[in-house]
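Visitor: Below you'll find the structure I mean.
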Amino acid sequence: MADASGGRAVVHDRQGALIALDLETGAVLWRHGRALRPCAIVGGNVVALRMGTSPELEVELLDAGEGTELWTSPTLALPPWAHPTLQDSPEFTVDTAEYQDPLVIRWTARALYRGGAPPGPAVAGDRSHEAHGALRVGVATPSVEPLAGTATVAEAEVPERPPPRLAPDVLDYGQVGALRLELTVRPGSGGQDAVVLRAVDPRTAAAVWEVVLDETAETRPRRLRP
17 MADASGGRAV VHDRQGALIA LDLETGAVLW RHGRALRPCA IVGGNVVALR MGTSPELEVE
77 LLDAGEGTEL WTSPTLALPP WAHPTLQDSP EFTVDTAEYQ DPLVIRWTAR ALYRGGAPPG
137 PAVAGDRSHE AHGALRVGVA TPSVEPLAGT ATVAEAEVPE RPPPRLAPDV LDYGQVGALR
197 LELTVRPGSG GQDAVVLRAV DPRTAAAVWE VVLDETAETR PRRLRP
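Numbering of the sequence shown is given in my numbering, commencing with residue 17 and proceeding in unit increments.
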């Protein structure tokens with residue numbers, strides 16, 4: 017999630033700590049919190065969802081420049097079988113349409129059968145659920161309102177574009193201004209995998225900078241050759 021006009025991107029590591037990065041150099045500007053998923057930057061504020069250990073959400077607003085917490089919403093309950101996740105998964109997805117105030121955040125929760133052999137129709141029906149919801153978030157005047165009637169969300173028709181050719185270690189990617197940001201995993205120290213964010217020039221596929229998200233000690237990225 018990025019603010020190209022402000023020259024920064026906000027991502028999260030595996031524990032849900034928010035990390036603000038300078039888009040030009042990849043330098044870490046600030047870190048904040050835990051169990052947070054960034055959704056948008058609106059009016060100089062970061063809008064994030066806090067994923068609770070129980071099926072619930074909180075909306076948190078932060079100052080995009082400093083990473084300081086400005087406001088946290090009351091707890092918002094999800095269906096009792098829902099399992100919110102920091103990244104989109106078969107069980108939980110989050111979508112933000114337009115970065116504006118008020119901001120609408122849509123979510124979809126699914127409960128999937130996790131047994132061994134394929135179940136019969138009755139068992140599958142008892143253990144499979146799907147629910148949709150949406151939140152209207154006021155940013156300038158902080159507020160949050162669950163929206164009714166969101167069981168079905170119409171998707172706008174978007175012309176299909178061929179996906180870019182990505183390296184095998186890329187988990188996710190997105191276009192921000194003239195750069196493509198790629199989330200990757202590579203072997204780290206002590207036998208642990210490291211989550212790395214790198215910026216790539218899509219015209220040449222050359223890496224511009226990269227930063228290790230899970231190592232708080234590394235605040236300056238290694239500059240790569242153009």
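Note that the Cβ used here is the ideal one computed from N, Cα and C, for glycine as well.
Rounding to the nearest angstrom, what Cα-Cα distance links glutamate 151 and arginine 47 in this structure?
Guide: By one-based count along the sequence shown, residue 151 stands at place 135. By one-based count along the sequence shown, residue 47 stands at place 31. Looking at the sequence shown, residue 151 is not glutamate but leucine. Roughly 25 Å between the two C-alpha positions.
Visitor: Do proline 54 and alanine 64 have their CB atoms nearer than 7 Å?
Guide: The residue you call residue 54 lines up with position 38 of the sequence shown. The residue you call residue 64 lines up with position 48 of the sequence shown. Yes. Within cutoff.
Visitor: Quick check: the segment 189-198 against the segment 212-228, are there 3 or more CB pairs under 8 Å?
Guide: Counting Cβ pairs under 8 Å, three or more are found: they touch.
Visitor: With distances taken from CA atoms, which of Ala127, Leu182, Leu102 and Leu77 is nearest proline 118?
Guide: Taking the first residue of the sequence shown as position 1, residue 118 is located at position 102. Checking every option, the nearest Cα to that of proline 118 belongs to Leu77.
Visitor: Give the range of the beta strand (DSSP E) segment to which glutamine 191 is assigned.
Guide: Along the sequence shown, one-based indexing puts residue 191 at 175. Segment 186-192, the beta strand (DSSP E) holding glutamine 191.
Visitor: Assuming phenylalanine 108 contacts alanine 127 (C-beta within less than 8 Å), just tell me the rounded distance between them.
Guide: Translated into the one-based positions of the sequence shown, residue 108 becomes position 92. Translated into the one-based positions of the sequence shown, residue 127 becomes position 111. Not really, about 10 Å apart at Cβ, beyond 8 Å.
Visitor: For a test of the three-state rule: what should DSSP assign to leucine 100, helix, strand or coil?
Guide: Working through the sequence shown from its first residue, we reach residue 100 at position 84. Just to set this straight, residue 100 is proline in the shown sequence, not leucine. The answer is coil: DSSP assigns proline 100 none of H, G, I, E or B.
Visitor: Should glutamate 226 be labelled buried (16 or more other beta-carbon atoms within 10 Å of its own) or exposed?
Guide: Taking the sequence shown and counting its residues from 1, one reaches residue 226 at position 210. Glutamate 226 should be labelled buried.
Visitor: Locate the beta strand (DSSP E) running through aspartate 247, then write down its first and last residues.
Guide: Because the chain here runs from 17 to 242, residue 247 falls outside it and cannot be looked at.
Visitor: Determine which residues share a DSSP beta bridge with threonine 112 and list them.
Guide: Sequence index remark: in the sequence shown, residue 112 carries index 96 (1-based). Partner(s): Ile121.
Visitor: If you run the structure through DSSP and keep just helix, strand and coil, what is proline 203?
Guide: Along the sequence shown, read from residue 1 onward, the residue named residue 203 stands at position 187. Of the three classes helix, strand and coil, the one that applies to proline 203 here is strand, per DSSP.
Visitor: Could you check what DSSP says for proline 54 in three-state terms: helix, strand or coil?
Guide: As a working note, residue 54 is residue 38 in the sequence shown. Reduced to three states, the DSSP call for proline 54 is strand.
Visitor: Using only the alpha-carbon positions, how far apart do arginine 181 and proline 90 sit?
Guide: Counting from one through the sequence shown, the residue named residue 181 turns up at place 165. Counting from one through the sequence shown, the residue named residue 90 turns up at place 74. Roughly 43 Å between the two C-alpha positions.
Visitor: Relative to the alpha-carbon of serine 105, which residue among Asp188, Ala223, Asp230 and Ala222 has its alpha-carbon at the smallest distance?
Guide: Your numbering for residue 105 matches position 89 in the sequence shown. Considering only alpha carbons, the answer is Asp188.
Visitor: Our contact map puts arginine 50 next to aspartate 38 with C-beta atoms below 8 Å; I'd like the distance itself, whole angstroms only.
Guide: Mapped onto the sequence shown, residue 50 falls at position 34. Mapped onto the sequence shown, residue 38 falls at position 22. With 8 Å as the limit, arginine 50 and aspartate 38 do not qualify as a contact, their Cβ atoms being about 23 Å apart.
Visitor: Please name the residue in Pro158, Asp29 and Ala183 whose C-alpha comes closest to that of leucine 86.
Guide: The sequence position of residue 86 within the sequence shown is 70, counting from 1. Leucine 86 has its Cα closest to that of Pro158, out of Pro158, Asp29 and Ala183.
Visitor: Report back the beta-carbon spacing between glutamate 74 and leucine 94 to the nearest angstrom; my notes put them in contact at under 8 Å.
Guide: By one-based count along the sequence shown, residue 74 stands at place 58. By one-based count along the sequence shown, residue 94 stands at place 78. So it is not a contact: roughly 11 Å between Cβ atoms.
Visitor: For a test of the three-state rule: what should DSSP assign to aspartate 29, helix, strand or coil?
Guide: Counting from 1 along the sequence shown, the entry for residue 29 is found at position 13. In the structure shown, aspartate 29 sits in coil (DSSP, three-state: anything other than H, G, I, E or B).
Visitor: Return the chain-ordered list of same chain residues with a C-beta closer than 8 Å to the C-beta of valine 201, the five sequence neighbours on each side being excluded.
Guide: For the purposes of this step, residue 201 is identified with residue 185 of the sequence shown, where counting begins at 1. Around valine 201: Asp185, Leu187, Asp209, Ala210, Val211 and Val212.
Visitor: Using the Cα positions of glutamate 161 and valine 155, report the straight-line distance between them to the nearest angstrom.
Guide: As a first step, residue 161 must be located in the sequence shown, where it is residue number 145. As a first step, residue 155 must be located in the sequence shown, where it is residue number 139. If I take the Cα positions, the gap works out to 12 Å.
Visitor: Once you ignore the five residues that flank threonine 101 on each side, which residues in its own chain have a CB closer than 6 Å to its CB?
Guide: Along the sequence shown, one-based indexing puts residue 101 at 85. Excluding positions up to five away in sequence, the list reads Phe108.
Visitor: Would you decide whether arginine 66 is buried or exposed? Buried here means 16 or more other CB atoms lie within 10 Å of its CB.
Guide: The residue labelled residue 66 in the question sits at position 50 within the sequence shown. The residue in question, arginine 66, is buried, as its Cβ has 16 or more Cβ neighbours within 10 Å.
Visitor: Consult DSSP for proline 95 and reduce its assignment to one of helix, strand or coil.
Guide: Walking along the sequence shown from the start, residue 95 turns up at place 79. Three-state DSSP puts proline 95 in coil, outside helix and strand.
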